[in-house]
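Asker: Got a structure for you, questions after.
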Amino acid sequence: MKKLLFVTIAALLIFSCKKNQVVSQEPVVQTEPVVAEPKIDYDLSNMNYNMISSITFEMLIEPQKYADKTVKISGQFYTEVEEDIRYYSVIIWDATLCCPAGMDFIPPDTMSFPEDFPPQESQITVTGILRENAEDGNLLFYADSVEF
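Note that the numbering used here has the sequence shown beginning at 452, numbered continuously upward.
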């Protein structure tokens with residue numbers, strides 16, 4: 452009985468002892484919250500002319516497929532006034548410079564022409580959402596950001 456009591460006490464002493472844990476006193480570093488980039492459904496900014504031409508043509512044929520999608524496109528900035536309405540476009544040219552492809556866009560309300568826009572034919576990247584026009588069913592490209 453004494454041996455059993457001795458073995459039990461020894462086992463309790465062995466298994467109940469814990470090693471001292473060292474707690475580090477490193478300062479807590481607070482980082483800035485990570486802001487997620489907006490999800491881009493169709494990134495045309497790195498595509499060649501043929502791909503951009505095909506996709507923009509498909510957008511005209513099947514606008515419901517592209518409605519409410521985020522698009523990013525890069526090309527040359529172009530603007531013109533027609534019947535007292537200013538139009539803004541990002542244009543991509545083919546190799547022979549004969550046949551442009553691209554998109555008109557509606558700039559953010561925070562931008563005003565000409566102060567906030569680059570010169571004609573400057574390289575720009577436009578990111579925005581395609582929304583269906585209630586009047587005619589065509590897509591309108593509302594720009595969230597215009598970078599040049």
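From the three backbone atoms N, C-alpha and C, an ideal C-beta is built for every residue, glycine too.
Just so we're clear, the structure is a prediction, and the values are computed from it rather than from any experiment.
1) Alpha carbon to alpha carbon, how far is D545 from E531?
2) Does DSSP put I524 in a helix, a strand or coil?
3) So the candidates are I491, D492, S496 and K490; which of them puts its Cα closest to the Cα of F599?
4) Can you check which of these residues, P569, T521 and I503, is closest to G553 by C-alpha distance?
5) Rounded to a whole number of angstroms, what is the C-alpha to C-alpha distance between D492 and M562?
6) Would you list the residues sitting across from I503 in a DSSP beta bridge?
7) Give the DSSP-derived three-state secondary structure of Q612 in the structure shown.
Answerer: The answer reads as follows:
1) The residue you call residue 545 lines up with position 94 of the sequence shown. The residue you call residue 531 lines up with position 80 of the sequence shown. Their Cα atoms are separated by approximately 21 Å.
2) As a first step, residue 524 must be located in the sequence shown, where it is residue number 73. Strand, per DSSP.
3) Along the sequence shown, one-based indexing puts residue 599 at 148. Closest by alpha carbon: S496.
4) As a first step, residue 553 is located in the sequence shown; it is residue number 102 there, counting from the start. Per the C-alpha coordinates, the member of P569, T521 and I503 positioned closest to G553 is I503.
5) Sequence index remark: in the sequence shown, residue 492 carries index 41 (1-based). Sequence index remark: in the sequence shown, residue 562 carries index 111 (1-based). D492 and M562: Cα-Cα distance of roughly 24 Å.
6) The residue you call residue 503 lines up with position 52 of the sequence shown. The partner list for I503 (beta bridge, DSSP) is empty, contrary to what the question assumes.
7) Here the chain covers residues 452 to 599 and nothing more, so residue 612 does not appear.
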